[in-house]
């Protein structure tokens, strides 16, 4: 008979990937109901090595953790996320090392690794393993909320301007200047050095090299301020 209640299944992962356990060693059964999972032993050993490394007080461990976290953040998002991840990883590793160094060796070398191994094998956030859930959670927090063509975009209320790049190819007459007038802001680059002369009102004029004056200079690139006009003269 059914009382009307239904039981939801969080995940079918355990059905398709059965967990291997150790029930006895050399014919002697272990005093653990259900046996000891191999994943628990792996987490126990890994946690013990991590505790020894972090609690050693060496600055190499926070530095290596920061490099790894920064590379992960850079791969997920951009430089800002990489810098944030590296800073958080270095600070967290340093603080954790200080806390572990203040504990007695039985608690540090036995209780903490056993607790980490038990939590890593028993906890199933949203039906997945803790390490997979943690990687997804960190990636979601570091990744930008808006993306386009694989690149992160600023929030919807932040405006970003992308300056156009205009390339002028040479024709049959060679690399000679053509008459043009540009208004800033912007940056104008030239293949060959040109003479830049300042005019009245702060505007600029560009000509080919040949005649120099006191108010002219030779350069490859001209930066225009907002509203400033650049006139290219042949």
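Residue numbers (the working numbering): 535 to 768.
Ideal Cβ placement from N, Cα and C applies to all residues, glycine included.
According to the DSSP secondary-structure assignment, residue 571 is paired through a beta bridge with 555. Per DSSP, the unbroken alpha helix (DSSP H) holding residue 605 starts and ends at 594 to 610. Per DSSP, residue 624 is not a residue of any beta strand (DSSP E); the alpha helix (DSSP H) it occupies stretches across 613 to 635. Secondary structure note for residue 653: it is in no beta strand (DSSP E), and the uninterrupted alpha helix (DSSP H) holding it is 646 to 656.
The DSSP-derived three-state label of residue 723 is strand. The C-alpha of residue 668 is placed about 57 angstroms away from the C-alpha of residue 728. Pairwise C-beta distances place the stretch 572 to 584 in contact with the stretch 642 to 657, as three or more of them are shorter than 8 angstroms. By alpha-carbon distance to residue 711, the top candidate from 675, 766, 736 and 735 is 766.
Nearest to residue 640 by C-alpha distance, out of 564, 586 and 554, is 586. In this model, residue 716 and residue 730 are separated by some 14 angstroms (Cα to Cα).
Ranked by Cα distance from residue 568, the first of 561, 556 and 562 is 556. By the Cβ-count criterion, residue 740 is buried, with 16 or more other Cβ atoms from all chains shown falling within 10 Å of its own Cβ. Pairing residue 673 with residue 626, the inter-Cα distance amounts to about 17 angstroms.
Taking every protein chain shown into account, the CB of residue 596 has 16 or more other CB atoms within 10 angstroms, so this residue is buried. The continuous alpha helix (DSSP H) containing residue 669 extends over residues 664 to 676. Looking from the CA of residue 599, the closest CA among 616, 737, 714 and 610 belongs to 616. Residue 757 is bridged by DSSP to 721.
Contact between residue 723 and residue 759 fails: their C-beta atoms lie close to 16 angstroms from each other, not under 8 angstroms.
Here residue 581 is buried. Its C-beta has 16 or more other C-beta atoms within 10 Å.
Straight across, the Cα-Cα distance linking residue 614 with residue 721 is about 26 angstroms. Residue 588 sits away from residue 618, with the two beta carbons spaced by 8 angstroms or more.
Within the DSSP bridge table, the entry for residue 765 names 715 and 739 as partners. Residue burial annotation: residue 633 is exposed, with fewer than 16 other C-beta atoms found within 10 angstroms of its C-beta.
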